[in-house]
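Chemist:
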Amino acid sequence: MKRKSKSSALLILIIAVIGLLAFAGFKGFVLGGWEFKSFDKVITRGLDLQGGVSVLMEIQKDDVTAEELQSAKEHLSLRVNKLGVAETIVATEGPKRIRVDVPGLTNSKEIVDSLVKSGNLSFKGPDGTEILTGSDVKKATAQMNQQNGGYEVGLELNDEGAQKFADATGKYIGQNISIYLDDEEISSARVNSQISGGKASIETHDTLQKNKELAGMINAGALPLPVKEVSVSNVGAELGATAFPNSVKAGIIGVGLVFLFMLFHYRIQGLMANIALTLYITLTLFAFIEVGVTLTLPGIAAFLLTIGVAVDANILTFERTKEELKKGYTVKAAVKKGSEHALSSIVDSNMTTLLASLILYFIGSGAVKGFAITLMIGIIISLFTGLVVTKVLVNLAVESGIINKPSHFGVTLKKGDEKHA
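Each residue of the sequence shown is one higher than the one before, counting from 642 in our numbering.
1. Might you give, ordered along the chain, the residues of its own chain that have their beta carbon closer than 6 angstroms to the beta carbon of residue 1052, omitting 5 neighbours on each side?
2. Please return the same chain residues whose Cβ sits closer than 7 angstroms to the Cβ of residue 951, not counting the five positions on each side in sequence.
3. Should the region 928-942 be called in touch with the region 1000-1018, which here means at least 3 C-beta pairs below 8 angstroms?
4. Can you list, in chain order, the residues of its chain with a C-beta nearer than 7 angstroms to that of residue 928? Leave out the 5 residues immediately preceding and following it.
5. Locate the alpha helix (DSSP H) running through residue 655, then write down its first and last residues.
6. Can you give me the start and stop residues for the beta strand (DSSP E) that residue 795 sits inside?
7. Hey, how far is the Cα of residue 742 from the Cα of residue 749?
8. Would you call the CB atoms of residue 737 and residue 705 closer than 7 angstroms?
9. My guess is that residue 972 and residue 1039 are in contact by the Cβ rule of under 8 angstroms, so how many angstroms apart are they, rounded?
10. Helix, strand or coil for residue 729? Go by DSSP, reduced to three states.
11. Roughly how many angstroms separate the alpha carbons of residue 1050 and residue 958, rounded to a whole number?
12. Let me know the secondary structure DSSP gives residue 736 once reduced to three states.
13. Terminal residues of the continuous beta strand (DSSP E) containing residue 784?
14. Check whether the region 800-807 and the region 826-846 are in contact - that is, three or more C-beta pairs closer than 8 angstroms.
15. So residue 717 and residue 731 are in contact, right, with Cβ under 8 angstroms, and what is the actual spacing, rounded?
16. Kindly identify the DSSP beta-bridge partner or partners of residue 821.
17. Looking at C-beta atoms only, is the number of pairs between the region 782-799 and the region 847-856 that lie closer than 8 angstroms three or more?
18. Any idea what DSSP makes of residue 1053, helix, strand or coil?
19. So the candidates are 992, 729, 987, 961; which of them puts its Cα closest to the Cα of residue 978?
20. Tell me the DSSP secondary structure of residue 986 in three-state form.
21. Cα separation between residue 826 and residue 752?
22. In this structure, does DSSP put residue 681 in helix, strand or coil?
23. Excluding five sequence neighbours on each side, which residues of the same chain lie with their C-beta closer than 8 angstroms to the C-beta of residue 811?
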């Protein structure tokens, strides 16, 4: 009796937590002046859902290296973000092309003009005096600081730049020298001593990735690569105004029908699956926010597809359970055997889909990549909810006595069928 009460309490607690998470995600709330925003306010929408400008740029140089492509990407990202756009997407396509998606803006000429102009890198003293320009910098590299174990950006200057820098660091000891790209400050560091020899380091006290980005921007400013627009397309906001609500409606109807099917066909076990599916949808949308997924129409399609994948795992398990019940096993034994027998099929089918999404991600571009990322996130989370959450909920329901006979699974046994463990 004690175990039954404990299982019932735990089951209620889990369902309450899932319900709270779902409510917070879909409705949002305000508590003590702090707002927890709902999904529709924080998930980034792509151009096809809110309109904007998409520009495909191409580097005008043969045999572009991966480092040059990355530097150009970071340089373009910095430029377009100066336009005041919060949700800009800058991604490489192929060996020398970069796509820039700017949501919410319609002036494509202004955007293209901003992207194609040459870079202007400069080092300035605290009084605004220009010390170095991009032509004085040979190379910038992210590296480890041998003294404190942190990361920094190492600079290598040419002969003329080395002399200028030695003079400036001697003058500005104890003060900051700042680096600007297109008149926007990208770094500022204190001068501890005069630096000669043409080599210097910028201590940023930041991660390796951040130091790589800074080095890339310095290299992009120091060695600007000419770029040219290959294609420019304007996407009207009218499409998103119609497509997004319709997609949400289709999703609600589809999920509602799935819930009804699971309840009708699997009874109480189906109810547990619906609770787990609610958690799956909520966790997936939270993951989109954390990962920074930009939701597009193909992404919505992938998300709805993964809901079907998540349900499929439950159906495989439940059908196996029903088979064991028809063989005469007790409810508890049938649930255990059903989970064990369905495990390999669930893992195999999901791994196949995950592999397909990885291939799409690495060989695809643009909307195809978005579809693949959404699919991958959904599959990983569906494995967790299908193999762990549903199993826990059903087992707790069995132990608490909520599920205690075959009819709770939609199974009718003939008279004389024996039960065995």
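C-beta atoms are modelled at their ideal positions from N, C-alpha and C, and glycine is treated no differently. All of these numbers come straight from a predicted model, not from anything done at the bench.
Modeler: Per the coordinate set shown:
1. Here residue 1052 corresponds to residue number 411 of the sequence shown, with the count starting at 1. Correct list, in chain order: 963, 966.
2. As a first step, residue 951 must be located in the sequence shown, where it is residue number 310. 918, 921, 1023, 1026, 1027, listed in sequence order.
3. yes
4. Start at 1 with the first residue of the sequence shown, and residue 928 comes out as number 287. Answer for residue 928: 1018, 1022, listed in chain order.
5. On the sequence shown, position 14 is the one that residue 655 refers to. Residues 643-667.
6. What you label residue 795 is simply residue 154 of the sequence shown in a count that begins at 1. Looking at the DSSP string, the run of the beta strand (DSSP E) that includes residue 795 is 792-798.
7. On the sequence shown, position 101 is the one that residue 742 refers to. On the sequence shown, position 108 is the one that residue 749 refers to. Straight-line Cα distance between these residues: approximately 11 angstroms.
8. Within the sequence shown, the letter at position 96 stands for residue 737. Within the sequence shown, the letter at position 64 stands for residue 705. It is a contact, given that the beta carbons lie within the stated cut-off.
9. In the sequence shown, residue 972 corresponds to position 331, counting from 1. In the sequence shown, residue 1039 corresponds to position 398, counting from 1. About 6 angstroms; that satisfies the 8 angstroms criterion.
10. Numbered from its first residue, the sequence shown carries residue 729 at position 88. Residue 729 falls in the coil class under three-state DSSP.
11. For this step, residue 1050 is matched to residue 409 along the sequence shown. For this step, residue 958 is matched to residue 317 along the sequence shown. Spanning the two alpha carbons is a distance of roughly 12 angstroms.
12. The count along the sequence shown starts at 1 and reaches residue 736 at position 95. In this structure, residue 736 counts as coil in the three-state DSSP scheme.
13. Along the sequence shown, one-based indexing puts residue 784 at 143. Unbroken beta strand (DSSP E) run through residue 784: 778-785.
14. yes
15. Within the sequence shown, residue 717 is the residue found at index 76, counting from 1. Within the sequence shown, residue 731 is the residue found at index 90, counting from 1. Yes, they are in contact, since the Cβ atoms of residue 717 and residue 731 sit about 6 angstroms apart, within 8 angstroms.
16. Here residue 821 refers to the residue found at position 180 when the sequence shown is read from its first residue. Answer by DSSP bridge pairing, in chain order: 763, 826.
17. yes
18. Residue numbering aside, residue 1053 sits at position 412 when the sequence shown is read from its first letter. Residue 1053: coil per DSSP, three-state reduction.
19. Indexing the sequence shown from 1 puts residue 978 at position 337. For the residues 992, 729, 987, 961, the minimum Cα distance to residue 978 belongs to 961.
20. As a working note, residue 986 is residue 345 in the sequence shown. Note: residue 986 maps to helix in three-state DSSP.
21. Along the sequence shown, one-based indexing puts residue 826 at 185. Along the sequence shown, one-based indexing puts residue 752 at 111. Whole-angstrom Cα-Cα distance: 21 angstroms.
22. The count along the sequence shown starts at 1 and reaches residue 681 at position 40. Note: residue 681 maps to helix in three-state DSSP.
23. Translated into the one-based positions of the sequence shown, residue 811 becomes position 170. If we look at residue 811 and ignore the five residues flanking it on each side, its Cβ neighbours are 835.
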